[in-house]
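Position 133, counted from 1, in the sequence shown is what the working numbering calls 142; the numbers after and before it change by one each time, with no gaps. For glycine and all other residues, C-beta sits at the position ideal for the given N, C-alpha and C. Below is one structure; the comments refer to it alone.
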Amino acid sequence: MMPVSTHDEASRQDYVLALKTHVARQMTPGNKVEMTHRVVPAFRKAHGREPASRQELRAAMERAPHHQVWGSLMRLGQELMWESVEDTVDRQLEVLEAKARKVDKGRGSVTIPKGFKPPRYIEAVDVHTMPGGYCDDTGDQDLRAGAIYDRGAFMYHHGKRGMDDNGRLIVSFVRTRYPDLKPRLILDMGCSVDHATTALVDFFPEAEVHAIDLSLPMVRYAHACAEAMGRPIHFKAANAEDTGYHDDYFDLVVSSNMMHETSLAAAPRIFTECRRILRDGGAICHMEVPVRYKDLSLYDQVMRGWQTYYNGEPFWNAVCALDLVAMVKAANFSDVADGYLKRTTAPDRDRRDLLQVGDQGNEYRYMLTARK
Ligand SMILES: C[S@@+](CC[C@H](N)C(=O)[O-])C[C@H]1O[C@@H](n2cnc3c(N)ncnc32)[C@H](O)[C@@H]1O
Numbered sequence: 010m011m012p013v014s015t016h017d018e019a020s021r022q023d024y025v026l027a028l029k030t031h032v033a034r035q036m037t038p039g040n041k042v043e044m045t046h047r048v049v050p051a052f053r054k055a056h057g058r059e060p061a062s063r064q065e066l067r068a069a070m071e072r073a074p075h076h077q078v079w080g081s082l083m084r085l086g087q088e089l090m091w092e093s094v095e096d097t098v099d100r101q102l103e104v105l106e107a108k109a110r111k112v113d114k115g116r117g118s119v120t121i122p123k124g125f126k127p128p129r130y131i132e133a134v135d136v137h138t139m140p141g142g143y144c145d146d147t148g149d150q151d152l153r154a155g156a157i158y159d160r161g162a163f164m165y166h167h168g169k170r171g172m173d174d175n176g177r178l179i180v181s182f183v184r185t186r187y188p189d190l191k192p193r194l195i196l197d198m199g200c201s202v203d204h205a206t207t208a209l210v211d212f213f214p215e216a217e218v219h220a221i222d223l224s225l226p227m228v229r230y231a232h233a234c235a236e237a238m239g240r241p242i243h244f245k246a247a248n249a250e251d252t253g254y255h256d257d258y259f260d261l262v263v264s265s266n267m268m269h270e271t272s273l274a275a276a277p278r279i280f281t282e283c284r285r286i287l288r289d290g291g292a293i294c295h296m297e298v299p300v301r302y303k304d305l306s307l308y309d310q311v312m313r314g315w316q317t318y319y320n321g322e323p324f325w326n327a328v329c330a331l332d333l334v335a336m337v338k339a340a341n342f343s344d345v346a347d348g349y350l351k352r353t354t355a356p357d358r359d360r361r362d363l364l365q366v367g368d369q370g371n372e373y374r375y376m377l378t379a380r381k
């Protein structure tokens with residue numbers, strides 16, 4: 010299903026990727042140099058002390074020239090990425106929609122409940138600066154936002170199908186930490202175009218796998234992709250706050266990178282809903298980007314929090330600072346644990362233990378888990 014680039018489109022996309030890589034690898038370290046040698050000394054001179062909070066350091070950094078140039082180029086890279094991908098998708102949109110119609114009678118399914126509307130906190134945002142955001146939808150066959158996200162993620166992750174290793178990491182964690190749990194019914198919340206969901210089908214072949222997302226074009230596209238890849242998954246447009254499934258239904262509920270895109274008001278409701286739809290003894294595993302502010306320096310908080318203001322991630326800062334463990338406990342779960350897992354593409358490693366690492370780089374993922 011993934012749209013294919015022409016030679017010229019691929020050249021343009023290669024250029025954008027080179028620009029993004031240059032900014033990320035060569036220019037990012039300059040922010041720390043500038044903070045250490047200019048920003049903090051100037052702050053100390055003006056206030057007689059160090060910056061005491063993320064907000065104070067950010068305000069000072071925002072006036073520093075290297076940080077401004079870096080931020081402008083980061084933003085430009087994102088905008089160019091989506092623009093270059095839109096051409097590729099729009100040129101083949103009719104072909105993609107025809108392919109999706111053909112695979113519609115597969116072993117999985119897609120359900121769009123009548124009258125379903127995504128909440129404003131996601132519909133109103135151009136998440137990751139993607140034009141129109143996740144939910145831009147023009148009618149029953151529209152899968153454009155899904156195709157753009159998939160092709161953009163392919164580029165962003167240097168030719169990988171999004172973050173599909175997230176799914177494998179969740180699988181290996183569940184299999185080793187909960188050997189007694191033989192999940193028959195699994196739900197992936199915030200599946201977008203199924204990047205992480207397919208691993209659940211591959212490594213729990215005896216299970217029936219369901220996946221929900223707020224975006225209609227995403228679940229339509231995800232269904233077409235899953236069928237094209239021979240993975241039976243039951244997709245549904247639904248809100249993780251109120252999924253519509255029966256009480257005590259699933260053995261395992263997972264998500265990857267959903268929580269940071271969910272509103273603060275929604276987060277506790279999602280954990281309550283997880284508990285309602287889980288059977289006794291069932292488990293939750295919510296995986297996130299490895300950014301928990303309690304474990305980060307102020308500098309790292311400012312750098313990672315840049316997304317909040319300039320990359321369509323309005324909840325990022327607040328969710329990274331939330332006490333998710335307290336929230337899961339408040340939802341009445343037991344055996345609540347959190348920590349970090351080292352990323353890998355090998356799903357069979359023993360991943361029972363969550364690491365408590367202070368400075369988590371991108372080679373880690375954060376995991377929040379508990380049982381009912
Ligand atoms: C960054 S994507 C992650 C996609 C995928 N799980 C992965 O790991 O690649 C986050 C997804 O969560 C979805 N999402 C956010 N809040 C949600 C909610 N309350 N209910 C269902 N999906 C939600 C968004 O629509 C988006 O597709």
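Cβ-heavy atom distance, residue i to ligand 1, below 7 Å
i, result
"A249", "yes"
"H219", "no"
"G39", "no"
"E103", "no"
"N341", "no"
"G199", "yes"
"L225", "no"
"I195", "no"
"S181", "no"
"H204", "yes"
"D222", "yes"
"I242", "no"
"S265", "yes"
"N371", "no"
"T317", "no"
"N320", "no"
"A275", "yes"
"T271", "yes"
"I279", "yes"
"I121", "no"
Per-residue DSSP class, three states only, for residue i
i, result
"M198", "strand"
"G348", "strand"
"S20", "helix"
"L364", "strand"
"C144", "coil"
"E65", "helix"
"S81", "helix"
"R301", "coil"
"S181", "helix"
"L89", "helix"
"M70", "helix"
"A327", "helix"
"M312", "helix"
"T37", "helix"
"G161", "helix"
"Y375", "strand"
"H295", "strand"
"G176", "helix"
"R193", "coil"
"R58", "coil"
"G3", "A question about residue 3 goes unanswered here, because the residues of the chain that appear run from 10 up to 381."
"G155", "helix"
Burial state of residue i, where buried means 16 or more other Cβ atoms lie within 10 Å
i, result
"S264", "buried"
"A335", "exposed"
"V13", "exposed"
"H56", "exposed"
"G148", "exposed"
"Y24", "exposed"
"L226", "Just to set this straight, residue 226 is Pro in the shown sequence, not Leu. It is buried - the Cβ of P226 has at least 16 other Cβ atoms within 10 Å."
"N341", "exposed"
"G370", "exposed"
"L66", "buried"
"P299", "buried"
"P214", "exposed"
"A249", "buried"
"D189", "exposed"
"R193", "exposed"
"H232", "buried"
"Y187", "buried"
"T97", "buried"
"V262", "buried"
"K470", "The displayed coordinates of the chain run from 10 to 381. Any statement about residue 470 would go beyond what the structure contains."
"L364", "exposed"
CB contact check: residue i to chain B, cutoff 8 Å
i, result
"T45", "Going by chain labels, chain B is absent from the structure shown, which holds only one protein chain."
- Residue ranges of each beta strand (DSSP E) run of no fewer than 3 residues wholly in the stretch 94-139, ordered along the chain? 118-120
- Item | Contained alpha helix (DSSP H) runs [length at least 4] in the stretch 263-288, N- to C-terminal order | 275-286
- Unbroken stretches of the beta strand (DSSP E), 3 residues or longer, contained in the stretch 200-264: 217-222 and 242-246
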